[in-house]
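Trainee: Provided herewith is a single structure, encoded as structure tokens, for subsequent inquiry.
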Amino acid sequence: MTKRLLLALAAVLTMLVPAAPAWAHNALAEATPAKNATVKKAPAAVKLRFLETLPDSTKLSVTSADGTTPAQSEPKISGATIAVTFTEPLANGEYTVNYQVAGEDGHLTKASYKFTVAGPVASSAPTSAAPSPSSAAPTSAATVAPAVAEDLSPAADDDNGPWLGLAAGIGILALAGAAAFVFVRRRRRAPGE
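All the letters of the sequence shown, read from the start, carry residue numbers -24 to -1, 1 to 169 under mature numbering (1 follows the signal peptide of the UniProt record, and there is no 0).
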């Protein structure tokens, strides 16, 4: 009786465990600028390198914090690398890199990450009347404060989401299996004690 119950429990648990994700998904290996990086000099390009050769359908774009797209080239694919170059220098601020790549199994992976450009603020040419120190200080503080606030904000995108959910599900199923095993063992001992 106990063996049948354990076999039935094992069969139910096997059906509840989701299938492992296909390993045919192409993953990001390296990004320039890096995820959540703050760069002092505006990059001339965004370059992503993946673990496998990229299909021609791979997409890459960069948008600014206000949702506009800075002037950039069409994505260029070379083997496992895709890049866009900027035709004009990026202004200081936060940018989002959006990409879409298909794995060998045809599954599309869409992801994004952010980086911040926080270069020196270009000062205007001095005029005949120099600004007073009291008027210059608030302007300087106002331009620096947003960059500091952006650096301290947590990242909204996290690549661990699907893996964390899978691990949590497996952990819950393992606990349920252990609880069922203990329940069956105690129930079996109770009549014989």
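Note that beta-carbon positions come from the ideal geometry of N, C-alpha and C, so glycine has one too. Just so it is clear, the structure is predicted and the values come from calculations on it, not from any experiment.
Mind listing, in chain order, the continuous beta strand (DSSP E) runs of no fewer than 3 residues lying wholly within the segment 29 to 60?
Mentor: Counting only runs of 3 or more, we get 35 to 40, 52 to 54.
Trainee: Mind checking L66: buried by the 16 CB within 10 Å criterion, or exposed?
Mentor: With 16 or more other Cβ atoms within 10 Å, it is buried.
Trainee: Give me the Cα-Cα distance between F157 and L149, rounded to the nearest whole angstrom.
Mentor: Using only the alpha carbons, I get a separation of about 12 Å.
Trainee: Would you kindly work out how many angstroms separate the C-alpha atoms of A152 and G145, rounded to a whole number?
Mentor: When rounded, the distance between both Cα atoms is 11 Å.
Trainee: Quick check on the DSSP output: the beta strand (DSSP E) that includes T72 runs from which residue to which?
Mentor: Counting along the chain, the beta strand (DSSP E) containing T72 begins and ends at 69 to 78.
Trainee: Closest by CA to H83, which one among A56, T8, F159, P31?
Mentor: Here the closest residue by C-alpha is P31.
Trainee: When you compare the CB of E80 with every CB in chain B, is at least one pair closer than 9 Å?
Mentor: This model lacks chain B altogether; it includes just one protein chain.
Trainee: Check this for me: beta carbons of V97 and A18, under 9 Å apart or not?
Mentor: Contact flag unset, no.
Trainee: Out of curiosity, what's the CA-to-CA distance linking V15 and E28?
Mentor: Approximately 27 Å between the Cα atoms of the pair.
Trainee: Going by DSSP, which residues form a beta bridge with V93?
Mentor: V93 pairs with V15, G69.
Trainee: Based on Cα-Cα distance, which residue from K23, A13, A(-15) lies nearest to L4?
Mentor: For the residues K23, A13, A(-15), the minimum Cα distance to L4 belongs to K23.
Trainee: Using only the alpha-carbon positions, how far apart do A21 and V73 sit?
Mentor: One C-alpha to the other measures close to 11 Å.
Trainee: Who are the Cβ neighbours of S37 in its own chain at under 6 Å, not counting the five residues just before and after it?
Mentor: Excluding positions up to five away in sequence, the list reads N74.
Trainee: Is it buried or exposed, P(-4), if we count other Cβ atoms within 10 angstroms and call 16 or more buried?
Mentor: Bear in mind that the predicted position of P(-4) carries a pLDDT of just 49, short of 50, making it unreliable; the figure below should be weighed with that in mind. By the 10 Å Cβ count, P(-4) comes out exposed.
Trainee: Between the Cα of S40 and those of T57, A47, E70, spot the shortest distance and give me the residue it belongs to.
Mentor: The residue with the shortest Cα to Cα distance from S40 is E70.
Trainee: Between G95 and the rest of its own chain, which residues show a CB-CB distance below 7 Å, the 5 nearest in sequence each way excluded?
Mentor: Cβ within range, chain order: K16, K17, A18, N68.
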